[in-house]
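What follows is a single structure, written as structure tokens, with notes after it.
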Amino acid sequence: MREFVTFSQALATKFLNVRIAENVVFSNGLSMSAMDFNVDSKRLRLALEGRYMIVGSTEEYACTTYEISPSDAALFAPVAAPPGTKVVLYLKELGRFTGPILRTTELGFDMRLELTPQRSDKLAVQLAWRNDLASMKTEERRGRDRFVPLHDMTILSLPRGRECIARIVNISLGGAEIETDQPIAVGTEIVVGTTRARVLRLVKNGVVCRFLREFEPGEIDETTRL
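Going by full-length UniProt numbering, the first residue of the sequence shown is number 1, and it counts up by one from there.
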């Protein structure tokens with residue numbers, strides 16, 4: 001009979017101790033150090049819930065992706081096995097995948113997704129759609145949590161020790177719009193008051209920046225001083 005493990009149990013187990021699954025045959029005869037896999041670096045940060053089985057084991061475990069591409073996936077998972085061991089993975093709304101474990105990690109393991117070119121192309125479209133949807137939801141949340149600060153004047157710290165007075169047009173959990181007459185390039189790291197940020201884009205009379213550490217819901221309001 002299969003053993004089902006909740007994701008919270010799985011993640012707790014993983015942080016406490018990563019164990020290698022028992023009774024799994026490492027049939028290809030290669031050692032971990034001898035395995036050489038190329039991993040697709042174009043992964044998207046998506047949390048997709050699912051479950052998996054290690055081939056040779058009768059147990060089934062809950063898992064969640066934290067990065068995934070059309071060729072591989074990184075999983076939060078409670079039980080790992082040596083690189084090369086086959087895994088059967090089921091992801092909600094995406095279906096069944098098979099492939100070998102590439103490496104074990106502190107959180108679980110990375111696995112290759114063995115797909116036909118057609119299935120790989122389809123998965124790329126599905127992942128892109130889900131990534132866009134997640135981004136839209138994030139932007140909607142940020143829009144709802146946007147505030148016009150009561151204390152809108154601040155010190156803007158720029159590279160090479162430069163400082164200037166600037167006005168905060170609005171702030172959100174993830175960033176702020178700053179009014180300034182100083183020319184600042186996109187990508188520049190700045191400090192708004194005491195809050196570190198990076199310039200995302202230029203707007204009329206200033207810049208929009210993203211905080212290096214986002215605020216939590218309820219952590220800021222119109223009385224917040226950055």
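Backbone N, C-alpha and C fix where the C-beta goes; we use that ideal spot for every residue, glycine too.
(request) Determine the extent of the beta strand (DSSP E) in which Val92 is found, giving its start and end residues. (result) In the sequence as presented, Val is not what sits at residue 92; that position holds Lys. It is not in any beta strand (DSSP E) - Lys92 carries neither H nor E in the DSSP assignment.
(message) Based on DSSP bridge pairs, tell me the residues matched to Asp221.
(response) Paired residue(s): none; Asp221 is not in a bridge.
(request) Whole angstroms is fine: what's the gap from Glu214's alpha carbon to Ala185's? (result) 21 angstroms
(message) Let me make sure I understand the geometry here. Which of Tyr90, Gly206, Ser57 and Thr85 has the alpha-carbon closest to that of Cys63?
(response) Tyr90
(message) Would Gly108 and Ala81 qualify as a contact pair, given that the criterion is a beta-carbon distance under 7 angstroms?
(response) no
(message) For the beta strand (DSSP E) containing Arg213, name the first residue and the last one.
(response) Arg213 -> no beta strand (DSSP E), and no H or E assigned at all.
(request) Have a look at Leu212 and Gly95 and give me their C-alpha separation to the nearest angstrom. (result) 35 angstroms
(message) Using a 10 Å radius around the Cβ and a threshold of 16 neighbouring Cβ atoms, would you call Cys164 buried or exposed?
(response) exposed
(message) Between the alpha carbons of Leu173 and Phe147, how many angstroms are there, rounded?
(response) 9 angstroms
(message) To the nearest angstrom, how far is the alpha carbon of Val87 from that of Ala74?
(response) 13 angstroms
(request) Report all residues from its chain with a CB closer than 6 angstroms to the CB of Gln182; omit the five preceding and five following residues, and keep chain order. (result) Cys164
(message) Does Arg196 pass the burial test, meaning 16 or more other C-beta atoms within 10 Å, or should it be called exposed?
(response) exposed
(message) In whole angstroms, give me the CA-to-CA distance for Val207 and Met53.
(response) 49 angstroms
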